[in-house]
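A.B. asks: In the working numbering, the protein residues as written are 242 to 509.
(1) So, helix, strand or coil for residue 313, using DSSP?
(2) Going by the beta-carbon positions, is the gap between residue 291 and residue 317 smaller than 8 Å?
(3) If you count every other CB in all the chains shown that lies within 10 Å of the CB of residue 380, and 16 or more means buried, which is it?
(4) Among 369, 433, 330 and 343, which has the Cα closest to the Cα of residue 303?
(5) Could one say the Cβ of residue 494 lies closer than 8 Å to chain D's Cβ atoms, at least one of them?
(6) For the 8 Å Cβ check, are there 3 or more pairs between the stretch 362 to 381 and the stretch 412 to 419?
(7) Please classify residue 491 as buried or exposed, where buried requires at least 16 neighbouring CB atoms within 10 angstroms.
(8) State the start and end residues of the unbroken alpha helix (DSSP H) segment that holds residue 376.
(9) Answer yes or no: do residue 400 and residue 357 have a C-beta to C-beta separation smaller than 8 Å?
(10) Quick one: using the 10 Å Cβ neighbour count with 16 as the cut-off for buried, is residue 468 buried or exposed?
(11) Taking 8 Å as the limit between beta carbons, can you name the residues of its chain near residue 433, skipping five residues before and five after?
(12) Find the nearest neighbour of residue 284 within the set 384, 362 and 332, judged by alpha-carbon distance.
(13) Applying the 10 Å Cβ sphere with the 16-neighbour rule, what's the burial state of residue 334?
(14) Once you ignore the five residues that flank residue 408 on each side, which residues in its own chain have a CB closer than 6 Å to its CB?
(15) Taking the alpha-carbon positions, what's the residue 309 to residue 321 distance?
(16) What are the residues that DSSP puts in a beta bridge with residue 276?
(17) If the criterion is Cβ atoms closer than 8 Å, does the pair residue 359 and residue 281 meet it?
Below is the structure:
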């Protein structure tokens, strides 16, 4: 009995079962933020990736790995470039990224550096003060969320006085009621009130300037003049003409007898 065909048939069957049919699966389009390895951006990136990709039950691990790779650039992408995109390597890639970029100490120091290294304000403008206050606010909130709140009034006020023009600090100090250490919030409120007042004053100045400019550019309106005569004009009381009564033809016609008698009178 020749078993060769059966053996051949079995071999062919094994070979055909090991050949992967080419498939083309298009992943759903999801807009993800990119992460380039900047430590201060790790938490915001990773939190978003966790909520949209990692915790999704509809995606397989290999699909999650594809999304992860597509959202990494720079040194973050290079840190996992040696890993093949497989089910098992997805969790390894996440661990590598967390080990490299999820450094609590470095993240906290980075947030503080953004405040501490803020350039000194040389010219007081509402825009400059607003930008400084916003930078301090955002990074203090980030530190608080990481469990490292900065609450020392001494440290914060000392920091503020090193960044603000000395003229502003002197004006703020004049508002302090006593020699006690003021709160950091007191200084912030003073700066906000001052910038709002400066902004309102600037707006009023601009409006007045534009109004004055409009008046100068407006064409002169035609002027009307009323002239009054300064000399006496003869007016006839009988006909309102410009002559004496005795020269009025109407008066003469109606009063001929009186006119004749007047003409006959001889003055001695």
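Beta carbons: idealized from backbone N, C-alpha and C, even for Gly.
C.D. replies: Result, derived from the coordinates:
(1) Along the chain shown, one-based indexing puts residue 313 at 72. Residue state, collapsed to three classes: strand.
(2) For the purposes of this step, residue 291 is taken as the residue at position 50 of the chain shown. For the purposes of this step, residue 317 is taken as the residue at position 76 of the chain shown. Contact flag unset, no.
(3) The residue you call residue 380 lines up with position 139 of the chain shown. Answer is buried; the Cβ neighbour count reaches 16.
(4) Counting from one through the chain shown, the residue named residue 303 turns up at place 62. Nearest C-alpha to residue 303 among 369, 433, 330 and 343: 330.
(5) Here there is only one protein chain, and chain D is not present.
(6) No, the stretch 362 to 381 is not in contact with the stretch 412 to 419.
(7) As a working mapping, residue 491 is identified with position 250 in the chain shown. Result: exposed.
(8) Your numbering for residue 376 matches position 135 in the chain shown. Counting along the chain, the alpha helix (DSSP H) containing residue 376 begins and ends at 367 to 386.
(9) As a first step, residue 400 must be located in the chain shown, where it is residue number 159. As a first step, residue 357 must be located in the chain shown, where it is residue number 116. Less than 8 Å divides the Cβ of residue 400 from the Cβ of residue 357.
(10) Here the question's residue 468 lines up with position 227 in the chain shown. Confidence is the limiting factor: at residue 468 the pLDDT is only 43, short of 50, which leaves the residue's position unreliable, though a coordinate-based value still follows. Exposure of residue 468 is indicated by the presence of fewer than 16 other C-beta atoms within 10 angstroms of its C-beta.
(11) If you number the chain shown from 1, residue 433 lands on position 192. Correct list, in chain order: 374.
(12) Taking the chain shown and counting its residues from 1, one reaches residue 284 at position 43. Distance from the Cα of residue 284 is smallest, within the candidate group 384, 362 and 332, for 384.
(13) Walking along the chain shown from the start, residue 334 turns up at place 93. Taking a 10 Å sphere around the C-beta of residue 334, we find 16 or more other C-beta atoms and assign the residue as buried.
(14) As a first step, residue 408 is located in the chain shown; it is residue number 167 there, counting from the start. Closer than 6 Å at the Cβ level, and outside the excluded window around residue 408, lies no residue.
(15) On the chain shown, position 68 is the one that residue 309 refers to. On the chain shown, position 80 is the one that residue 321 refers to. Taken atom to atom, the span from the alpha-carbon of residue 309 to that of residue 321 is near 10 Å.
(16) In the chain shown, counting from the first residue as 1, residue 276 sits at position 35. Bridge partners of residue 276: 313.
(17) The residue you call residue 359 lines up with position 118 of the chain shown. The residue you call residue 281 lines up with position 40 of the chain shown. No; because the gap between Cβ atoms is not below 8 Å, this pair is not in contact.
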